[in-house]
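Position one of the sequence shown corresponds to residue 1 (full-length UniProt numbering), numbered consecutively onward. These notes concern the structure reproduced below.
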Amino acid sequence: TTRRGDRTLRKIVEKDRFQTLGDLRKQWTESGVETSRATVHRRVLLNQKQRQKRLTWATEKQHWTVAQWSKVLFSDESKFCMSFGNQGARVWRKTGEKEMPKCLKSSVKYPQSVMVWGAMSAAGVGPLCF
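Right, dumping it as structure tokens:
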């Protein structure tokens, strides 16, 4: 995306920080920028330094062989909330905006949740660990 497109997205986010990714994409598309949900998500949350680090990483790996990639394991963990009260709590904010009233929403003090970890490699996916 262009710098102008990025500025447009930031303005859309600042109007309502609790919008869904789909709503952000729709408004961004209406402003003339055609893009995917994944692109919207990446553009909102990454600063210039983080974007540069990702580009450097990708450039270093772009000529890797299948044998090199077969030695890589990608893993991640995520928290899944199962009780009412934590739904819709996602907020789009920049560094330093954590305590701003427009970035806060009330929630349940101790919602039921479970942490799940998983991994994948060239050999396939691993088991989910709870």
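C-beta: ideal position from N, C-alpha, C; glycine also.
- Uninterrupted alpha helix (DSSP H) stretches at least 4 residues long and entirely within the segment 21 to 71 occur at 21 to 30, 37 to 45, 48 to 61, 66 to 69, given in chain order.
- When DSSP states are grouped into helix, strand and coil, Leu104 belongs to the coil group.
- The C-alpha of Tyr110 lies about 10 Å from the C-alpha of Cys81.
- Per the C-alpha coordinates, the member of Lys102, Thr29, Glu60 positioned closest to Asp6 is Thr29.
- Taking 7 Å as the cut-off, the Cβ atoms of Arg25 and Arg10 do not count as close.
- Around the C-beta of Arg3, fewer than 16 other C-beta atoms lie within 10 Å, and the residue is accordingly described as exposed.
- Counting only residues of its own chain and dropping the five nearest sequence neighbours on each side, Asp76 has no CB closer than 6 Å to any other CB.
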